[in-house]
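Residue numbers (our numbering), protein chains in the order written: chain A, 1 to 212; chain B, 1001 to 1212.
There are 2 protein chains.
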Amino acid sequence: MAKAVRRPPAPPPVPRTADRVLDVAERLAQTRGFNGWSYADVSAEVGITTASLHYHFASKAALGRALVERYTSRFGAALADMATRQADAPSRLAEYARLYGDVLASDRMCLCGMLAAEYQTLPPPMQRAIRDYFDANEAWLRDVFERGRAAGALAFTGTARDAARQWTSTLEGSMLLARPYGDPSRLTTVARRMLAELTRAPAATAKGRLRR
Amino acid sequence: MAKAVRRPPAPPPVPRTADRVLDVAERLAQTRGFNGWSYADVSAEVGITTASLHYHFASKAALGRALVERYTSRFGAALADMATRQADAPSRLAEYARLYGDVLASDRMCLCGMLAAEYQTLPPPMQRAIRDYFDANEAWLRDVFERGRAAGALAFTGTARDAARQWTSTLEGSMLLARPYGDPSRLTTVARRMLAELTRAPAATAKGRLRR
DNA sequence: GTCTATAACGAGATAGAC
DNA sequence: GTCTATCTCGTTATAGAC
């Protein structure tokens, strides 16, 4: 066994090089794709040589895997945090859409949406990590949809799973198409339309209408 | 001026090399992205050297531009042809979705959806051609939505333009997310849901148009 | 941890023969 | 139209000094 752990709150005061590398590589991957940048690009921005990069991440594949895992971890934390602030399903969906909108507003594509396009060219560990991201999205949204329908706050047909997939697909797709036009409103407008559809007229929810 | 045109049906009996190059490059671009293949990949499949490739397409940028323009041209022809066979708006939307579903079924991403991800890394002529593709999509769909609503066959809120953008975004997004799972049903299921939503019998339409 | 130097390879592209 | 030969540059990665 290792020594007893004594100090859980021991945050390193200095921004470690590995983190700065991840920050730069993440932005490059989100704006240019995994195949659209090189170690030389990162080294120029971070201020160390490409040889030093290899000290922190043995290969580009290893760096890519770390990128996706950190991204998924942060996203999961954001979703968990959201649950402590937003109670009802429509608010949670709006907040979920806002997360995506913020990414687009910073002129980036969702990291995993971008990597999904390049999926067939990526090393298997990255492929698995990408699916994990979308699986986590689907699980979280499915829960929101199920509870939202049960509470009469959301109206939709079919399974919560399919509704969740549609929600993510539409947000990813609108990010994808918004960037060529430099027009983030292409996402926010679509998100508003979807949410309005889900919360439209209570006619189909608690009024005794069959929900199918 | 040129000689009088006498024989409209004059199909070249031989598949020209340039076309075979385009066919191979198109598939590579749709499956691996524009930055995911090289002239060497194409030359190996077509059976000529990379030097010969440069005879047909002076640069990869020129080849890329030709790819998008041919793709857009074929897509426009498919939409025009559709108008001769499908009259009502719901049928046209279903057919439009089927076009996208066929691409996915062949294990490819929409060429321009793929290139939209890599947009920032592409030469300006390709960027313009990509926007042209989506503009054409939007124009065609906007017309379908406008006429469909006027005829009482489609029910949606907001502008036809926004409905059109949502339709394409959702199809592109579901293609994007379906490929990591090798599951084309992720698109068809979403398409069915969207269409059902648009044709759900609202207060004022023709007789029930729901087809499922 | 970071450096210099370099290996080993692949990329897009060109010249000129056939 | 296609070839061989070659160029130049960029890429990932390693060895070994500091």
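Where is the CB? At the ideal position from N, CA and C, for every residue including glycine. No experiment lies behind these values; they were computed from the predicted model shown.
Discussion item. What residue range does the alpha helix (DSSP H) around F1075 of chain B cover?
Written reply: K1060 to R1085
Discussion item. Using only the alpha-carbon positions, how far apart do L1053 of chain B and S1043 of chain B sit?
Written reply: 7 Å
Fill in: Contact with chain B by R98 of chain A, beta-carbon distance below 8 Å
At a cut-off of 8 Å, the C-beta of R98 of chain A has no neighbouring C-beta in chain B.
Worksheet item: Is A178 of chain A near L1176 of chain B, with beta carbons less than 8 Å apart?
Response: no
Worksheet entry | Near-chain A residues of the segment 1120-1149 of chain B (beta-carbon distance less than 8 Å), N- to C-terminal order | Q1120, T1121, Q1127, I1130, R1131 and F1134
Fill in: Near-chain A residues of the segment 1077-1089 of chain B (beta-carbon distance less than 7 Å), N- to C-terminal order
none
Worksheet item: Under 8 Å, do P1180 of chain B and R131 of chain A count as touching if we go by C-beta distance?
Response: yes
Worksheet item: For I48 of chain A, which of helix, strand or coil comes out of DSSP?
Response: Three-state DSSP puts I48 of chain A in coil, outside helix and strand.
Discussion item. What would DSSP say about S1038 of chain B, mapped onto helix, strand or coil?
Written reply: Reduced to three states, the DSSP call for S1038 of chain B is coil.
Worksheet item: chain A partners of E1045 of chain B, CB-CB under 8 Å?
Response: Neighbours of E1045 of chain B on chain A: none; closest Cβ ~16 Å, over 8 Å.
Worksheet item: Roughly how many angstroms separate the alpha carbons of N1137 of chain B and A1129 of chain B, rounded to a whole number?
Response: 13 Å
Fill in: Three-state secondary structure (DSSP) of M194 of chain A
helix
Worksheet entry | CB contact below 8 Å: S1265 of chain B versus chain A | Residue coverage of chain B in this structure runs from 1001 to 1212, which leaves residue 1265 of chain B outside it and unanswerable.
Worksheet item: chain A partners of E1172 of chain B, CB-CB under 9 Å?
Response: S169, E172, G173, S174, L176 and L177
Discussion item. Please report whether the beta-carbon of P1184 of chain B lies at a distance below 8 Å from any beta-carbon of chain A.
Written reply: no
Practice prompt. Determine contact between the segment 106-115 of chain A and the segment 19-38 of chain A, defined as no fewer than three beta-carbon pairs at a distance below 8 Å.
Written response: yes
Worksheet item: Pairing CB atoms from the segment 1186-1193 of chain B with CB atoms from the segment 1089-1104 of chain B, are three or more of them under 8 Å?
Response: By the Cβ criterion, the segment 1186-1193 of chain B is in contact with the segment 1089-1104 of chain B, since at least three pairs of Cβ atoms, one from each stretch, lie closer than 8 Å.
Fill in: R74 of chain A, buried or exposed, once every other Cβ within 10 Å from all chains shown has been counted against 16
exposed
Fill in: CB of L1198 of chain B within 8 Å of CB of W1140 of chain B, strictly
no
Fill in: P124 of chain A burial status per 10 Å Cβ neighbour count (16 or more: buried)
exposed
Worksheet entry | L199 of chain A at chain B interface by Cβ criterion, 8 Å | The question names Leu, but residue 199 of chain A is Thr in the sequence shown. No - not a single Cβ of chain B is within 8 Å of the one on T199 of chain A.
Worksheet item: Within this structure, are the beta carbons of L1093 of chain B and V1021 of chain B separated by less than 8 Å?
Response: No, these two residues do not count as a Cβ contact at 8 Å.
Discussion item. Going by DSSP, what residue range makes up the alpha helix (DSSP H) through Q1120 of chain B?
Written reply: Segment: none, Q1120 of chain B is in no alpha helix (DSSP H) and carries neither H nor E.
Practice prompt. Return the CA-CA distance between R1193 of chain B and A1077 of chain B, expressed in angstroms with no decimal places.
Written response: 27 Å
Worksheet item: Among residues of its own chain, excluding the 5 on either side of T121 of chain A, which ones have a beta-carbon nearer than 7 Å to its beta-carbon?
Response: N35
Discussion item. Here's a check: name, in chain order, each residue in its chain whose Cβ is nearer than 6 Å to the Cβ of S169 of chain A, leaving out the five neighbours to either side.
Written reply: none
Item to complete: Could you tell me the distance, in whole angstroms, from the CA atom of A89 of chain A to the CA atom of G1173 of chain B?
Response: 23 Å
Discussion item. Nearest by alpha-carbon distance to A1062 of chain B: which of B:T1084, B:M1114, B:Q1127 and B:G1047 is it?
Written reply: B:Q1127
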